[in-house]
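Working notes, structure below.
Numbering (our numbering), first residue to last: 2 to 277.
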């Protein structure tokens, strides 16, 4: 009897010990699973935070770049072109040093219109990107103002580089016409067009303000003194019908040409937006 009682006690103890051991094992495994899930959630939250911060930085940098481009395109460029339009018609009188504003000839408007056509062909100005139904009316109006300022500046830059009258006017005007006409049928990109126009304008500037200006006789002397002291310059002045302006005119037109070419380089072609 005593042995049976001992055996029953041992079985009872084993029966009591088994659930406790299983419970401890289950609790330990559950605790480990919960800790692993918490750590995974923390890593996911941190990765999402880092992604949000990176996206915010990119968005802020894109906003800054967009604001800078808008400032250059819609404020700085029209100011440059209007400044060129003002300088292009200015002349300084040789005797009184007064400012004179000369209106452009009709051929200057024709040359400016041909220049705009060249800008369209070279994709310097993309009409689909500048004027679109998908753009806001304010943006279309701003692009129209930039194009209008560019046209005025082009008119005045031709007015600046063309001699005012006489044989030099027709000679340089024909050179402008021939160059622009040939460019209409050529294949080139925007940068190449700007370089071509820059070379043409630089040559015209040298001819007008360095060669022809030095051939003109100074107006401060009397006619008899000009004929006796320097008959060659007086003959060129009379034959070529050269106007007499102060040397400051050349400086003004030099800055007008530099700012005009700078404005062309700053124009950023806008791509045409496509429907999604």
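C-beta: ideal position from N, C-alpha, C; glycine also.
Using only CA atoms, which one of 167, 143, 251, 125 lies nearest to residue 132? On the chain shown, position 131 is the one that residue 132 refers to. Ranking the options by Cα distance to residue 132, first place goes to 143.
Helix or strand or just coil, what does DSSP make of residue 264? Within the chain shown, the letter at position 263 stands for residue 264. The answer is helix: DSSP assigns residue 264 an H, G or I state.
Where residue 189 falls: helix, strand or coil (DSSP): Locating residue 189 in the chain shown gives position 188, where the first residue counts as 1. Reduced to three states, the DSSP call for residue 189 is coil.
Proximal residues to residue 263 (C-beta, below 6 Å), its chain only, five neighbours per side dropped: Taking the chain shown and counting its residues from 1, the one referred to as residue 263 is at position 262. Excluding positions up to five away in sequence, the list is empty.
C-beta atoms of residue 90 and residue 105 nearer than 8 Å: The residue labelled residue 90 in the question sits at position 89 within the chain shown. The residue labelled residue 105 in the question sits at position 104 within the chain shown. A contact, by the Cβ cut-off of 8 Å.
For residue 98, which residues in the same chain have their Cβ closer than 8 Å to its Cβ, ignoring the five residues on either side in sequence? Indexing the chain shown from 1 puts residue 98 at position 97. 247, 249.
Where does residue 92 fall in DSSP's three states? Taking the first residue of the chain shown as position 1, residue 92 is located at position 91. When DSSP states are grouped into helix, strand and coil, residue 92 belongs to the strand group.
Could you tell me if residue 168 is buried or exposed, where buried requires 16 or more neighbouring beta carbons within 10 angstroms of its beta carbon? Indexing the chain shown from 1 puts residue 168 at position 167. Classification for residue 168: exposed.
Considering only their Cβ atoms, is the gap separating residue 258 from residue 158 smaller than 8 Å? As a first step, residue 158 must be located in the chain shown, where it is residue number 157. As a first step, residue 258 must be located in the chain shown, where it is residue number 257. The answer is yes: Cβ separation under 8 Å.
Same chain, Cβ closer than 8 Å to residue 117, five either side skipped, listed in chain order: Position 116 of the chain shown holds residue 117. So the qualifying residues of the chain are 126, 148, 151, 152, 155.
Can a CB atom of chain B be found closer than 8 Å to the CB of residue 116? In the displayed structure, chain B is absent; only one protein chain is listed.
Compute the Euclidean distance between the alpha carbons of residue 123 and residue 191, then round it to the nearest angstrom. As a working mapping, residue 123 is identified with position 122 in the chain shown. As a working mapping, residue 191 is identified with position 190 in the chain shown. C-alpha separation (whole angstroms): 5 Å.
So, for residue 88: in the same chain, excluding its five sequence neighbours on each side, which residues have a beta-carbon less than 6 Å away from its beta-carbon? Here residue 88 refers to the residue found at position 87 of the chain shown. Excluding residues up to 5 positions away in sequence, 253, 257 lie with their Cβ nearer than 6 Å to the Cβ of residue 88 in the same chain.
Which one or two residues does DSSP pair with residue 246 in a beta bridge? Position 245 of the chain shown, counting from 1, holds the residue named residue 246. Residue 246 is bridged to 94.
Determine the DSSP secondary structure at residue 101, reduced to helix, strand or coil. Within the chain shown, numbered from 1, the residue matching residue 101 stands at position 100. Residue state, collapsed to three classes: strand.
Residue 199 versus 145, 261, 92, 85, residue with shortest Cα-Cα distance: The count along the chain shown starts at 1 and reaches residue 199 at position 198. When only C-alpha atoms are compared, the closest one is 261.
Short Cβ contact (8 Å threshold) for residue 194 with residue 164: Here residue 194 is taken as the residue at index 193 of the chain shown, counted from 1. Here residue 164 is taken as the residue at index 163 of the chain shown, counted from 1. In this structure, residue 164 does not lie closer than 8 Å to residue 194 by Cβ.
Who are the Cβ neighbours of residue 79 in its own chain at under 8 Å, not counting the five residues just before and after it? Residue numbering aside, residue 79 sits at position 78 when the chain shown is read from its first letter. Answer for residue 79: 146, 147, 150, listed in chain order.
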